[in-house]
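Protein chains in written order, with our numbering: chain A, 57 to 272; chain B, 57 to 272.
We treat Cβ as the ideally placed atom computed from N, Cα and C, and that holds for glycine.
Note that the structure is predicted; figures quoted are calculated from it, not measured.
Okay, structure first, notes after.
2 protein chains.
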Amino acid sequence: MNDTKKSVVKRRKSADIRKDNLQLILTVAEQRFAEYGYNGTTISSIAEQANLPKSNILYYFKTKEVLYKEVLSQILKIWMVDMEEMTAEQHPKEALRHYILLKIRQSKDHSNASRIFASELLHGAPFLRDKLQTDLKIQFISTCQVIREWIAKQWMNPISPEHLLFMIWSSTQAYADYGLQSSILMGKAELDDDDFETGAELITQIVLRGCGIKQL
Amino acid sequence: MNDTKKSVVKRRKSADIRKDNLQLILTVAEQRFAEYGYNGTTISSIAEQANLPKSNILYYFKTKEVLYKEVLSQILKIWMVDMEEMTAEQHPKEALRHYILLKIRQSKDHSNASRIFASELLHGAPFLRDKLQTDLKIQFISTCQVIREWIAKQWMNPISPEHLLFMIWSSTQAYADYGLQSSILMGKAELDDDDFETGAELITQIVLRGCGIKQL
DNA sequence: CAACTACCTGACCACGAAGTCAACAAGTTA
DNA sequence: TAACTTGTTGACTTCGTGGTCAGGTAGTTG
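And the structure:
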């Protein structure tokens with residue numbers, strides 16, 4: 057038993073080494089980029105936190121920019137995936153409630169990714185612009201259409217789907233972006249599970265009522 | 057006429073020179089910091105855009121950090137000022153509507169300041185933490201109290217004042233922070249006045265209805 | 001086990017950015 | 001106008017950072 061484990065640890069296959077190191081570097085890089093932004097993050101600091109020499113980072117990722125883009129590329133997927141679930145057949149009561157919950161969870165569980173995404177947008181999305189214009193836009197238009205159908209079915213009041221989505225995005229996203237501010241104002245070290253839950257519940261209530269969606 | 061103007065231009069008093077240059081530098085710096093963040097902004101680039109030699113910037117602001125803090129110090133004030141207007145005597149219908157409108161206007165008219173503020177929070181508020189813990193927190197608590205009194209008077213449903221404020225902040229703030237994303241998704245170069253107005257109206261409607269505040 | 005490939009890393013380089021400085025110019029004041 | 005303060009600037013220094021490279025070691029494969 058012990059032997060097997062030891063040999064596994066000591067003699068790793070090249071493929072494993074590669075996989076592990078890539079993963080490690082990406083994880084650490086995500087943390088640093090979220091905390092300090094692209095320009096505020098040095099390769100050395102990533103190396104240090106990953107316990108690898110700087111050259112090793114550069115061995116796996118030719119440049120800092122390549123590494124950053126790699127980190128980013130996962131993020132948009134995460135960010136978009138929940139939106140697909142909403143369909144015109146569902147009742148907005150369930151669909152929106154569910155979506156808001158997922159979004160808040162994302163802010164909690166993928167806080168770093170969320171913050172990198174936010175920072176990217178804040179500074180003009182230099183690396184993400186193309187993807188926004190294509191992938192996200194398609195999804196956005198389609199989801200707006202879903203909301204329009206809900207309105208047509210009189211399941212909710214006639215309001216701008218675009219601005220409604222912006223409102224849901226920003227208020228859920230805030231639990232990642234401004235979590236620190238919130239916790240400071242509420243006098244705690246950081247937001248706890250209850251805060252995320254209360255937030256989700258409040259946003260859901262306000263959005264549903266606000267859109268004139270019957271609740272029972 | 058021409059003479060007077062010329063002499064004014066040619067022979068400026070020291071005090072004026074100082075005031076003008078400080079203002080110019082601060083304005084340009086705000087733009088750059090908003091666009092590229094603290095680390096992404098170089099003194100040279102500020103100098104270039106202000107049409108001044110780099111040394112001249114350093115003459116007025118000893119270090120980059122001093123300059124940045126100076127820019128920041130104005131921002132929190134701007135950010136807080138509108139909150140003070142809400143009082144327990146006002147009806148939330150008017151008070152919240154007014155507040156949301158002001159906040160959206162702020163996102164439009166002080167977009168750079170808003171974005172710097174957001175970026176600062178996103179990265180852990182290294183320079184702003186103290187002020188948050190004191191000034192903003194006091195105002196925050198007091199405004200939460202106002203909302204609690206509205207609830208006591210049954211002018212609105214019982215909901216968490218803290219999370220309600222977070223929601224209003226984030227959804228209005230978004231028109232500055234994520235204005236670019238929004239415009240891309242809506243297929244325009246940038247948000248126009250109508251978008252800001254529609255946004256303000258939608259947020260107001262949803263918040264008022266969502267809080268169970270009678271409208272008429 | 002030999003030849004090969006993939007992984008690893010310290011030493012090094014080039015560059016750009018923050019900040020200093022000394023000399024000068026322009027306004028101020030007695 | 002002389003002495004002084006305030007503003008202006010290019011040349012320079014220092015330092016951190018991204019990125020290269022050559023020479024290694026560890027796994028792989030015939």
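- Between B:Ile131 and B:Phe173, the C-beta spacing is below 7 Å.
- Ranked by how close their Cα comes to the Cα of B:Pro182, the residues A:Ile134, A:Tyr92, A:Leu192, A:Leu241 have A:Tyr92 in first place.
- Judged by DSSP in its simplified three-state form, A:Tyr234 adopts coil rather than helix or strand.
- Around the CB of B:Lys270, fewer than 16 other CB atoms lie within 10 Å, so the residue is classed as exposed.
- Annotation for B:Leu192: no alpha helix (DSSP H) segment contains it, and DSSP assigns it neither H nor E.
- Non-local C-beta neighbours of A:Arg265 in its own chain, meaning closer than 8 Å and more than five positions away in sequence, comprise Gln271, ordered along the chain.
- Per DSSP, reduced to three states, the secondary structure at A:Gln210 is coil, with no helix or strand assignment.
- With a beta-carbon spacing of about 4 Å, A:Ser170 and A:Ala232 fall inside the 8 Å limit used to define contacts.
- When C-alpha distances from B:Tyr115 are compared across B:Ala151, B:Ile73, B:Leu152, B:Met136, the shortest belongs to B:Ile73.
- Using a CB distance cut-off of 7 Å, B:Arg74 does not count as an interface residue toward chain A.
- Rounded to the nearest whole angstrom, the CA to CA distance from B:Tyr124 to B:Thr83 is 11 Å.
- A straight line joining the alpha-carbon of A:Ala71 with that of A:Ile81 spans about 15 Å.
- Judged by DSSP in its simplified three-state form, B:Thr143 adopts coil rather than helix or strand.
- Judged by beta-carbon spacing, B:Lys159 lies beyond the 7 Å limit of B:Thr98, meaning their Cβ atoms are not closer than that value.
- Against chain A, the CB of B:Tyr234 has a partner CB under 7 Å away; the residue lies at that interface.
- Interface criterion met: the Cβ of B:Gln237 is under 7 Å from a Cβ in chain A.
- Pairing A:Ser163 with A:Thr260, the inter-Cα distance amounts to about 15 Å.
- Counting every other CB atom within 10 Å of its CB across the protein chains shown gives A:Glu86 a total of 16 or more, marking it as buried.
- Interface criterion met: the Cβ of A:Thr254 is under 7 Å from a Cβ in chain B.
- For A:Met242, the chain B residues whose C-beta falls within less than 8 Å of its own C-beta are Glu218, listed in chain order.
- Closest in alpha carbon position to B:Glu257, among B:Trp211, B:Lys187, B:Lys149, B:Glu126, is B:Lys149.
- As the crow flies, the alpha-carbon of A:Gln79 is around 22 Å from that of A:Gly96.
- Out of A:Trp225, A:Thr190, A:Arg153, the CA that lies nearest to the CA of B:Ile240 is found in A:Thr190.
- Within its own chain, no residue has a Cβ closer than 6 Å to the Cβ of B:Lys209 once the five positions on either side in sequence are excluded.
- Out of B:Asp165, B:Phe252, B:His147, the CA that lies nearest to the CA of B:Ile203 is found in B:His147.
- Here DSSP, grouped into helix, strand and coil, assigns B:Glu176 to helix.
- For A:Val202, there are no C-beta contacts with chain B under 9 Å, since the nearest C-beta of that chain is about 15 Å from it.
- Residue range 249 to 266 is occupied by the alpha helix (DSSP H) that includes A:Asp249.
- Rounded to the nearest angstrom, the gap between the Cα atoms of A:Met212 and A:Val127 is 38 Å.
- A buried status is given to B:Ile262, since no fewer than 16 other beta-carbon atoms sit within 10 Å of its beta-carbon.
- A straight line joining the alpha-carbon of B:Leu178 with that of B:Leu188 spans about 14 Å.
- Within its own chain, the residues whose Cβ lies closer than 8 Å to the Cβ of A:Tyr155, once the five positions on either side in sequence are excluded, are Asp138, Met139, Glu141, Met142, Ile224, listed in chain order.
- The C-beta of A:Asp251 has 16 or more other C-beta atoms within 10 Å across all chains shown, which makes the residue buried.
- Among the residues facing chain A, B:Asn95 is included, as its CB has a counterpart in that chain under 7 Å away.
- Contact residues of the region 166 to 184 of chain A toward chain B are Arg171, Ala174, Ser175, Leu177, Leu178, His179, Gly180, Ala181 (C-beta to C-beta distance below 7 Å).
- Distance from the Cα of A:Phe89 is smallest, within the candidate group A:Leu184, A:Leu247, A:Glu176, A:Gly255, for A:Glu176.
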